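In the working numbering, the protein residues as written are 125 to 270.
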Amino acid sequence: GTSYNPSYEDHQDLLGEAVAEELKREEERKKVNKALRRERRRKAKKRKRERLEQEAKQAAEEQNSSSSSESSSDDEASASKEYISNSFSKKLTTSERNRIKRRKLEVRKERSKLRKERREKRFNEIDDIIQELDQKDEEQKKRLEE
125 GTSYNPSYED
135 HQDLLGEAVA
145 EELKREEERK
155 KVNKALRRER
165 RRKAKKRKRE
175 RLEQEAKQAA
185 EEQNSSSSSE
195 SSSDDEASAS
205 KEYISNSFSK
215 KLTTSERNRI
225 KRRKLEVRKE
235 RSKLRKERRE
245 KRFNEIDDII
255 QELDQKDEEQ
265 KKRLEE
């Protein structure tokens, strides 16, 4: 316990201890935050690298499956692999960034087109099912009337 009316030196000692504790806590918070930021950056880089690798694989697969000549698809596949390996060691040129943007846009359009086709197919299936049900209802009504 401390006295209700401590001397000036005792009061300064207590304040010094409290400040020291707070500084220690603040240092620990800084260490933890620094470690968390480092971990987040590492994970973000890893996710970015994986995403780029996946996009490059998709581009290479689509190029291989397309009707373009084999030599050009091999060149682009090797270029995409080269891009992955060099993407973290060199800065991209404007043309490379534009090519990547165009590729991303193409992929988005293709996915959108596929989703739209699937949706239309489902709607057509629903229409067919409705027609079948209507026919069955008519047949049942005819049977009941007879």
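The beta-carbon is built from N, C-alpha and C at its ideal position, and this holds for glycine as well. Please read all numbers here as calculations on a predicted model, not as lab measurements.
Exposed unless 16 or more other CB atoms sit within 10 angstroms - verdict on A180: buried
Residue burial classification, A159 (beta-carbon count within 10 angstroms, cutoff 16): exposed
Span separating the alpha-carbon of S219 from that of R165: 27 Å
Proximity to A184 [Cα-Cα], best of Y128, R227, V143: R227
C-alpha gap between F139 and E163, whole angstroms: Inspection of the sequence shows that residue 139 is occupied by Leu rather than by Phe. Near 36 Å, if we compare the C-alpha coordinates of E163 and L139.
Where S192 falls, given that 16 or more other Cβ within 10 Å makes a residue buried: Because S192 carries a pLDDT of 48, less than 50, the predicted location of this residue cannot be relied on, and no value is offered for it.
Alpha-carbon to alpha-carbon, K155 and E145: 15 Å
Spatial distance of I102 from E186 (CA atoms): This structure leaves residue 102 out entirely; the chain is present only between 125 and 270.
Backbone CA spacing between K225 and N188 [nearest angstrom]: 20 Å
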